[in-house]
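See structure below.
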Amino acid sequence: MTADRTVTETIAATETATIVADIAVVGGGLAGSLAAAVLARAGHRVALIDKRAIYPDEFRVEKIGGHQLEILRRLGFIGGLESVGCPYDRVLNIREGKVVDVSVGRAYGLPYADLVAMARRQMPDPCSLIVDEVTAVRSSDDVQHLELASGRRVNARLVVLATGMAGALGYKLGIRRRVLAERHSVSFGFTIARRDGAPFDFEALTCYGERTADGIDYLSLFPVPGGMRANLFMFRDPTDPVMRDLRRETEATVLRLLPGLQPYLGDFRVTDRIQNWVMDLSVVEGHLQAGVVLIGDAFQTNCPAAGTGVARLLTDVERLCTEYAPRWLMTEGMGREKISEFYADRDKVASDQHSLKMARFRQALTSRDDIRWDVRRRLHFLRRSITHRVDQMRPGWLAHVRTALRA
Ligand SMILES: Cc1cc2nc3c(=O)[nH]c(=O)nc-3n(C[C@H](O)[C@H](O)[C@H](O)COP(=O)(O)OP(=O)(O)OC[C@H]3O[C@@H](n4cnc5c(N)ncnc54)[C@H](O)[C@@H]3O)c2cc1C
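So for the sequence shown, full-length UniProt numbering puts the first residue at 1; every next one is plus one.
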């Protein structure tokens with residue numbers, strides 16, 4: 001069942017005091033924009049509401065690859081991503097100046113704002129984005145009512161909250177964030193170039209931390225349309241003086257913490273502003289409510305070093321927008337029993353749990369210095385290194401053995 005089109009006004013008519021839609025998506029970051037595009041393409045009337053017409057230059061995910069590409073392909077966004085991202089296929093992984101292994105597989109580097117803009121452009125009518133702030137949500141078993149800062153209202157059968165880490169709206173609905181790990185990780189983002197203007201000798205490179213006391217998980221270097229992007233992920237007290245050094249004397253501090261990088265970078269400089277982010281790990285409580293469903297970071301935050309945020313939000317978008325929401329709209333009502341189906345979805349639960357598990361694993365692998373983790377860390381890199389060497393001597397042999405063992 002869709003909302004009654006005969007008594008509604010078009011979403012594009014932004015002067016309209018009350019906008020009626022089947023689904024209101026609140027928050028047009030990556031999760032909300034992808035969800036709105038998938039639902040609108042399927043013929044649902046969608047109101048996507050974000051307080052900003054253009055996503056600002058904020059540091060979030062900047063590279064997309066692996067399993068994320070498979071889901072984007074299934075959802076029909078791969079062409080859009082290819083048109084804005086910078087492709088790369090080989091990542092040289094190093095530690096203490098030595099090659100650990102080489103990761104092979106297509107990935108794309110790009111600013112987050114470009115990724116979000118690409119997703120918004122995939123809506124059949126990109127002009128239907130409502131630029132406004134949602135200030136209140138009144139939910140029920142039937143129709144949901146949104147109040148916007150401009151005084152306008154939106155009525156919809158289902159509200160998708162994709163408001164990221166901003167918790168104010170959920171708070172008004174009685175939804176709370178439970179912090180699992182406060183200030184869990186620290187991330188830095190910046191762009192680099194060689195001083196002589198020559199290109200770097202690698203396509204992409206990951207350099208792992210050398211000492212547990214530094215708390216460096218890894219520095220990832222990968223191409224973006226504007227140059228070579230650097231993402232540094234750390235597990236360390238955000239008030240430690242090294243954070244200030246990283247902001248003020250980035251080049252020298254990076255080489256002090258990761259001396260093995262010097263031969264790979266040569267004489268380099270930072271070409272733009274340093275972006276810095278401190279992340280809490282948190283998950284919501286009290287979210288099972290009639291008419292409202294939370295996706296992406298609005299439901300659970302992620303550790304940037306684990307690189308699971310996008311896989312999580314893509315799973316949310318795919319399961320909600322291709323399976324549950326279309327089915328829910330076919331019958332009367334939008335009670336808690338419908339909403340609970342999404343939160344119990346096997347794939348969603350698995351990806352949420354995997355994300356938390358990986359967050360804890362990366363932190364322990366980086367900074368735990370007891371004997372158990374010391375041995376585990378050594379074995380982790382040794383196994384990768386041996387596998388790489390075998391693969392170099394006998395290309396394809398290990399893959400063949402693994403396939404044979406699985407059969
Ligand atoms: C530094 C950093 C690095 C990361 N690196 C990686 C990585 O390498 N790999 C990975 O997989 N993940 C990574 N992540 C995680 C990933 O970026 C996030 O999971 C993802 O961006 C979340 O998208 P979202 O749409 O849920 O939230 P957001 O992108 O934050 O979008 C929320 C939107 O809601 C809007 N909004 C909020 N409140 C309102 C309101 N009341 N009314 C209207 N609009 C509203 C905001 O304007 C915003 O546009 C990283 C995160 C960070 C912080």
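Don't be surprised by glycine CBs; every beta carbon is placed ideally from N, CA and C. None of the values given here were measured: they were computed from a predicted structure.
In the three-state scheme derived from DSSP, where H, G and I count as helix and E and B as strand, Y55 is classed as coil. The stretch 161-180 makes contact with the stretch 291-303; the number of CB pairs closer than 8 Å reaches 3 or more. In this chain, the beta strand (DSSP E) harbouring Q144 covers 144-148. The three-state reading of DSSP puts G65 in strand, counting E and B together. DSSP places I130 in the strand class (E or B) of the three-state scheme. Per DSSP, reduced to three states, the secondary structure at D22 is strand.
Pairwise C-beta distances place the stretch 26-43 in contact with the stretch 117-129, as three or more of them are shorter than 8 Å. Excluding residues up to 5 positions away in sequence, R319 lie with their Cβ nearer than 6 Å to the Cβ of D345 in the same chain. Secondary structure of A290 (DSSP, three-state): coil. Within the chosen limit of 7 Å, ligand 1 reaches the beta carbon of V26 through at least one heavy atom.
Under the three-state reduction of DSSP, H388 is assigned to helix. If you ignore the 5 residues before and after S351, its C-beta comes within less than 7 Å of the C-beta of A311, R312, T315, all in its own chain and listed in chain order. Taking C-beta atoms as the reference points, E203 and Y88 count as a pair closer than 8 Å. Of the residues assessed, W397 falls on the exposed side of the cut-off, its CB having fewer than 16 other CB atoms within 10 angstroms. Runs of the beta strand (DSSP E) spanning 3 or more residues and lying entirely within the stretch 151-176 occur at 153-161, in chain order. In terms of Cα proximity to R247, the closest of L382, D196, V186 is V186. Note on L221: 16 or more other CB atoms within 10 angstroms of its CB, so buried under the neighbour-count rule.
According to DSSP, residue pairing for V46 in a beta bridge involves I23. Going by beta carbons, L110 and P225 fall inside the 8 Å limit.
No heavy atom of ligand 1 is found nearer than 7 Å to the CB of I175. Put simply, of M243, L219, S83 the residue whose alpha carbon is nearest the alpha carbon of Y264 is L219. With contact defined as three or more Cβ pairs closer than 8 Å, the stretch 95-103 and the stretch 382-396 are in contact. Remark: the shortest separation between the CB of Y55 and any heavy atom of ligand 1 falls under 7 Å. The beta strand (DSSP E) runs lying completely inside the stretch 223-280 and spanning 3 residues or more are 227-234, 268-270, given in chain order.
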